[in-house]
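Take 19 as the starting number for the first sequence in the numbering used here and just add one per residue. Backbone N, C-alpha and C define an ideal beta-carbon position, used for all residues, glycine too. Being a predicted model, the structure only gives us computed values, none of them experimental. This report refers to the structure that appears directly beneath it.
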Amino acid sequence: MDTRKYKTKEAVLKRAQEAIGVPLGSIDRTGRLRTGKGAIGTVLEESWFGYSPNSESEPDFPDARVELKVTPYLHTRSGIRAKERLVCNIINYMTEYQKSFETSDFWHKCETLLIMSYEHKPDKPKSEFTIDKAILFSFPEEDLRIIKQDWEKIISKIRNGEAHSITEGDTLYLAACTKGVNASSVRKQPFSSTPAKQRAYSLKSSYMTRILNKYIFGAEEDEHIITDWRILSNNTFEDIIIERLSPFYGQTVDRLAAYFEVLGHAKNKNELLLSRMMGVKGRVSQTAEFQNANIVPKTVRIQKNGKIKESMSFPTFKFNEIINEDWETSSLKEMIEPTKFMFAIFEENVDGDYVFKRIKFWNMPAQDIDEVHRVWERTVRIIKDGVKLSFDGRVTRNNLPKQSESYVAHVRPHARDSNDVYPLPDGRVMSKQCFWLNREYIEKIISEEYR
DNA sequence: GCATGATCATGC
DNA sequence: GCATGATCATGC
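Below is the structure:
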């Protein structure tokens, strides 16, 4: 048996749907399920469709031109969420730059996807998992516009000899994620002698969440910022947003609040103003584009003296969890690398009023992600070795990485008070901590020349 | 009850 | 003046 058995998309889909509800343990005929990563996909390829896994550039079902993807989702309190990004083919830096999107390896393989999804439950054995849904997926035109821009962005870095500085945050829906045994898996690039990390095309997990909700589970769609996607043929998404907001540059917060009738001193006042300026009814962060692309709006306030008051925090981490993580799959890396930030910059004027200056889209450059990696490694090392704690009668000091030790990030408490603690591996407790981006680092990003 | 963004207090 | 630890305010 081989994949030539399935000549049409319909035949592939029909066979896939027959797998719905069948426990994977009873599908598996080769004992693959007990192996590690990618086991579930391999079981369906081998034992259900009857072909050997291949890493060729052809789609899995060449006659039907369909690529099989088996992907996990999670049921969370806030709904269905993709458990991970969807990884496609490895990017061949040496050849891909010569192609167009239409002739690219990505499009050749992934134009039509057969998505089979299962719910991942941490406490359940894989043999009891079942495929819950199976659909044929073609990218809708509105998404394809953005995906093409993403592809161009990746390719332009290759053409500029910057394949080593590609990161997932560069792009919106289609990203280049690291793929390989470890971070030292590198390959040649055509226009630079610097080796670049091996990367694969992938659909960001934020975008996968949207596919799951809208196309697989039929949930209602979030509000769109761009209602006519045709404008994306001549403008990038970021340019369109900047164009919409620039008429408001130079206005004070008070004037904007009066103009849009945003009352009171709500903590989220600035986000409300952003929504109004963009012409969005709900919250910017909840729009389809921001959700899909994992764009996080952040307000930055620059004081009269040109400084920013505070560093930027990430969620607290549990000491007993972080010591069991690998950097490549760590929650910190997952929070930083695929994320794009939209900084809304407010500057204090001579009267002490804050003026909306501009916005800036930013994602952390590869080099700085490596620096965060170093801070993370040190943090894990210190926690494993046993944190040194000393109480001076007022505050408890620790020896986690300080702001002075890195130009990018540090570790600092983020708790309700000093009794708000998590256990340490050795049984002691310490106030909840999190990673912070240094105040000065944020200042540098904001002050950099902008487009 | 907790996460998150914002801000404060102290001492070098 | 600023780094570091502590704490507050708000919203879900």
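Inset, instruction - Just grab the DSSP bridge partners of residue 427 for me. - result: 455
Inset, instruction - Flag this pair as touching only if the segment 93–103 and the segment 209–227 have three or more C-beta atom pairs under 8 Å; answer yes or no. - result: Contact annotation: the segment 93–103 touches the segment 209–227, with at least three C-beta pairs closer than 8 Å.
Legend entry - Environment of residue 122 [buried if 16+ CB atoms lie within 10 Å]: buried
Inset, instruction - Quick one: residues in its chain with C-beta nearer than 8 Å to the C-beta of residue 387, no 5 flanking neighbours on either side, listed in chain order? - result: 185, 351, 354, 355
Legend entry - Selection from 402, 319, 344, 212 that minimises the alpha carbon distance to residue 417: 402
Legend entry - residue 116, buried or exposed, once every other Cβ within 10 Å from all chains shown has been counted against 16: exposed
Legend entry - For residue 405, the three-state DSSP class (helix, strand or coil): Looking at residue 405 - three-state DSSP - the assignment turns out to be coil, as it is neither helix nor strand.
Legend entry - Simplified DSSP assignment, three categories, for residue 32: Helix, per DSSP.
Inset, instruction - With a threshold of 16 other CB atoms inside 10 Å of the CB of residue 321, please say whether the residue is buried or exposed. - result: exposed
Legend entry - Other residues of its chain near residue 366: CB distance less than 6 Å, five sequence neighbours each side excluded: 321, 322, 372
Legend entry - Residues of its chain near residue 139, where Cβ-Cβ distance is below 8 Å and the 5 sequence neighbours each way are ignored: 147
Legend entry - Under 8 Å between C-beta atoms of residue 296 and residue 243: Taking 8 Å as the cut-off, the beta carbon of residue 296 is found closer than this to the beta carbon of residue 243.
Inset, instruction - Measure the CB-CB distance between residue 163 and residue 251 and report whether it falls below 8 Å. - result: yes
Inset, instruction - Have a look at the DSSP bridge pairing and note the partners of residue 26. - result: DSSP output for residue 26 lists no bridge partner at all.
Inset, instruction - For residue 125, write down the residues that DSSP places opposite it in a beta bridge. - result: For residue 125, DSSP records no beta bridge to any residue.
Legend entry - Residue span of the alpha helix (DSSP H) that contains residue 296, given as start and end: 287–296
Inset, instruction - Count the C-beta pairs between the segment 129–138 and the segment 87–101 that are closer than 8 Å, then say yes if the count reaches three, no if not. - result: yes
Legend entry - Paired residues, beta bridge with residue 194 - DSSP: 219
Inset, instruction - Tell me whether residue 207 sits in a helix, a strand or coil according to DSSP, three-state version. - result: In this structure, residue 207 counts as strand in the three-state DSSP scheme.
Inset, instruction - Please classify residue 426: is it buried, with 16 or more other beta-carbons within 10 angstroms of its beta-carbon, or exposed? - result: buried
Legend entry - Identity of the residue in 53, 414, 45, 397 nearest residue 12 by Cα: Outside the displayed span of the chain (19 to 469) sits residue 12, for which this structure offers no information.
Legend entry - Close-in-space but distant-in-sequence residues of the same chain around residue 207 (CB under 8 Å, 5 per side omitted): Scanning its chain for C-beta atoms nearer than 8 Å, with the 5 sequence neighbours on each side dropped, one finds around residue 207 the residues 111, 112, 176, 179, 181, 182, 213, 214, in chain order.
Legend entry - Alpha-carbon spacing of residue 8 relative to residue 158, whole angstroms: Any property of residue 8 remains undetermined from this structure, which presents the chain solely from 19 to 469.
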